[in-house]
Amino acid sequence: MKTKYLWRGFLFLLINVAVVFVSGVTVKADDTPTGLSNDDVLGYTPNGSIIGRPAKDGIFTKPSSLINGGTNAAAVVNNTLSNTVYMTFWSSKNNNGILWSNENNKMDVTKNAYFSFWIKIPVDTASGGGLAFVMQNDPNGTNALSTLNGNATAPMETLGVWAADQNTSHLANAIQNSWALEFDNYPNTSGTVNNAFDKDSSLDSTQLGSDKIHIASGYPDDEQSYLPLSNGAYSLIHQSPIYRTIGTNSGWHHVSILYNPNNDGKTANVTYKFNDKNIDGTPNTNTGVDSATNPVEADKTVEIDLSKFNLGSDKKVTWGFVGAGNTVASESQLIYEQLSSLADVSVGAKIFDTTQNDRELTSNYNEINAGDNLKLQYDLKYNGGQEDVGKIKTTIDVPKNVTLNYGASIKFANGNTENISNSEIDTANKTGVLTHTISLVTNVLNTTNNQATLTLLVRHRQRLLIIRRYHLVMLILPVIHILVMRWRLILLFVILKLKLSIWMLVCHRLRFQLLLALI
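Under this note's numbering, the first residue of the sequence shown is numbered 49, with each subsequent residue one higher.
Spelled out as structure tokens, the structure:
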């Protein structure tokens, strides 16, 4: 049988495969997701009293003081229950917190990038404010921060990113040459100076409230991002907003940011997702009305203009997080889960029909025979980064008519092979999740061992694999009729009662398609 639908199913499989190359997220006693360690975040320089803990360059730079004269309110806190650290961004009132990527972890705007983190933001208005994820080429580098005329803390509505209303030169003290994605939990809607950013016709006012968060993007130092009001205030034009409920006890919310440069070399598409994972790291499949107890995923894609960064020959930007607080101390928290700059690994996928001499399935050859054995091949290539890759967690949407436990292995550029056991493929719960830990001793992916091929052998499940006895009899009888012309009448009677489809099967060399129709 030719099964076009099976090929389409595998196209869907290839599109929806996700490979994660960091430690898996697990639920701990305090329902805190696992992320990067303190050494990953800020680095570590050993001293003589500590043995066995190697030196490590961190991802972020944390200035002790701010250019507005204040103290950096960002803090990195160890959480012993989740064996990770979380970052807070306004542990003191009326202040800002910043964490910027260091020189080695700048983002190349000509390459794909992926950022994955968890946030927990308070809902009470007294501690209102928010966070922003920012890409920037500001002359202040890792000290970049929005200020009021360069020497004072900017109003809370700026989040330490956007231009303050009362700047002598309106745009001069926003973060320069930048693009920002804000996570804002406080509706600035009074229309007065320093409290009018959310009085914006592009926002749905019914979605602004003390238990809500609005997520939107824009260029902080671009005049087109603001709308002047008659009283000297400005409203902020929010690009592609998302609204979600955070609630008093809604806990951690996952954020994914995917950056993909376009072929024109002038623009890039940025997709941001909110609530795309559950606390245990599994995909969030909730539907219905979003609420604190029923978080529903939302996502938007925007095209950004790379000329806004004013880059020269060095096509890299600094990226990081900025937070701002209101009149009381609060803790907006962030756990960083994955950085593309730590390990840049690309994934290619192919399908081969091994029953038909390993023929590769393509758009021109997109049909297979039912019951054929297939090989799913994922080619992993380590393109660079600071970290070795030692864990692969692959989520696959497997078509219902496929058995995914006929064999799996990973072959590495160094010549080694690791077999994947059936127990590593979750077939019992029908989740299609394959988890395999690469040998940390011999096979981690790095600049030397830079390639691995993951192979899964599958088979199409269908009834043709079991041909019952009466099916065989029905196929043999017409042949007997041809060879022996003088059978008794009762035999002829039996043959005449056979379905016409049996004769058609003989004429068509017993094609699986007609046999399946018969069964």
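Where a beta carbon is used, it is the ideal one built from N, C-alpha and C, also for glycine.
Asked	Found
Nearest to TRP166 (by Cα), restricted to the options THR490, THR315, SER304	SER304
Where LYS356 sits in the DSSP three-state scheme	helix
Rounded Cβ spacing between ASP186 and LYS364 (contact assumed at less than 8 Å)	About 13 Å separates the two Cβ atoms, so there is no contact after all.
Identity of the residues DSSP links to GLU472 by a beta bridge	Looking at the DSSP assignment, GLU472 forms no beta bridge with any residue, so it has no partner.
Simplified DSSP assignment, three categories, for THR402	helix
Touching by the beta-carbon criterion (3+ pairs, under 8 Å), the segment 179–197 and the segment 328–337	no
SER411 in three-state terms, based on DSSP	coil
Check whether THR202 and ALA212 have beta carbons under 9 Å apart	Sequence inspection shows Ala at residue 202; the Thr mentioned does not correspond to that position. It is a contact, given that the beta carbons lie within the stated cut-off.
Those residues which DSSP pairs with PRO276 across a bridge	TYR282
Cβ pair SER226, LYS398 closer than 9 Å	no
6 Å Cβ shell around PHE460 - same chain, five flanking residues per side excluded	ASN491, ASN497, ALA500
Pair within 9 Å by beta-carbon distance, MET135 and PHE369	yes
Contacts around LEU354, its chain only, beta-carbon distance under 8 Å, and the 5 residues preceding and following it disregarded	VAL157, PRO309, GLY313, LYS314, THR315, ALA316
Where VAL209 falls, given that 16 or more other Cβ within 10 Å makes a residue buried	buried
Neighbour-count burial assignment, VAL489, 16 or more Cβ in a 10 Å radius	exposed
Cβ neighbours of GLN381 in the same chain (closer than 6 Å, five flanking residues each side left out)	TYR134, THR136, LYS168
Per DSSP, the bridge partner or partners of SER265	LEU229, GLN287
Backbone secondary structure at THR195 - three-state DSSP	strand
Cβ neighbours of ASP232 in the same chain (closer than 6 Å, five flanking residues each side left out)	GLY178, HIS262
Given 8 Å, three or more beta-carbon pairs between the segment 235–249 and the segment 402–409	no
Cβ neighbour criterion (16 or more within 10 Å) applied to SER194	buried
contact_flag[the segment 339–351, the segment 287–301] where n(CB pairs < 8 Å) is 3 or more	yes
Inter-residue spacing [alpha-carbon to alpha-carbon] between SER283 and TYR234	14 Å
Inter-residue Cα distance where the pair is GLU472 and ARG407	28 Å
Coarse secondary structure for GLN255, derived from DSSP in three states	helix
Classification of GLY145 by the beta-carbon crowding that lies within 10 angstroms, buried from 16 upward	buried
Rounded separation between HIS302 and ARG507 - CA only	36 Å
Residues that DSSP places opposite ASP156 in a beta bridge	LYS364
THR495 (DSSP reduced to helix, strand or coil)	coil
Residue burial classification, GLN272 (beta-carbon count within 10 angstroms, cutoff 16)	exposed
Beta carbon of LYS429 nearer than 9 Å to that of SER394	yes
Environment of PRO276 [buried if 16+ CB atoms lie within 10 Å]	exposed
Own chain residues within Cβ distance below 7 Å of ASN467, not counting five before or after	SER457
Identified DSSP bridge partners for PHE108	SER149
Per-residue DSSP class, three states only, for ASP427	strand
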